[in-house]
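> For the sequence shown, numbering that gives the first Met the number 0 assigns the number 0 to the initial residue and increments by one for each residue that follows. Using N, Cα and C, we set each Cβ at its ideal position, and we do this for glycine too. Everything numeric in this text was worked out from a predicted model, so none of it was measured. Structure below; questions to follow.
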Amino acid sequence: MSIEENKNIVRRYQEAYNNCDFDALAELVSADVLTPNIIAGMPSGLEGAKVVHQTTLIGMPDYHTNIEDLIAKGDKVVARVTMTGTHTGNFWGIPATGKRVNLTGIYIVRIANGKIVEHWGEENGMIVIKQLGFKTRLEPISE
């Protein structure tokens, strides 16, 4: 596939994600997509990504991701994104605050046979906690 076709897959993926169009996601993302940064305890692959998205929408029903930049080379596409939402419900155990959040992130996908087969994402989740008005502190992880 051409670089422009790969970029279009990412654009269509982001639109489907924002619209919760899980049928379209299934057409664009491999069922066993590699998502190494998925939240612990979530199912793997596309099903895990859907659960994470649906859980996020419980806390922020207007959650939206906007692509700011797309860079592609070969079978990989990099997206710089802005994510926004209003915290009106329980967000990963944090009761609603009514506050608006805005954060940035970058994800890299690898595309094979017209589908996303790897998704590597990085965003600053701690900024969300701060924007919701919570202080942060480091605590050791108990085994």
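Can you tell me the Cα-Cα spacing of residue 34 and residue 117, whole angstroms?
6 Å
> How many Å lie between residue 132 and residue 101 at the Cα?
13 Å
> Considering only residues of the stretch 43 to 76, which uninterrupted alpha helix (DSSP H) runs meet the minimum length of 4 residues and lie entirely inside it, listed in chain order?
44 to 58
> Any idea what DSSP makes of residue 123, helix, strand or coil?
Annotated three-state conformation of residue 123 is coil, per DSSP.
> For residue 114, which beta-bridge partners are listed by DSSP?
111
> Please find out if some non-hydrogen atom of the ligand ZN comes closer than 6 Å to the beta-carbon of residue 54.
With respect to the ligand ZN, the structure offers nothing, as it holds no ligand at all.
> Could you name the residues of the same chain whose beta carbon sits closer than 7 Å to that of residue 0, not counting the 5 residues immediately before and after it, in chain order?
So the qualifying residues of the chain are 110, 113.
> Can the beta-carbon of residue 115 be found closer than 7 Å to that of residue 75?
No, the Cβ-Cβ distance between residue 115 and residue 75 is not below 7 Å.
> Is it the case that the stretch 60 to 70 contacts the stretch 6 to 26, given that we only count it when at least three CB pairs across the two stretches are under 8 Å?
yes
> Mind the definition here: the stretch 79 to 91 touches the stretch 41 to 50 only if three or more C-beta pairs lie below 8 Å; say whether that holds.
no
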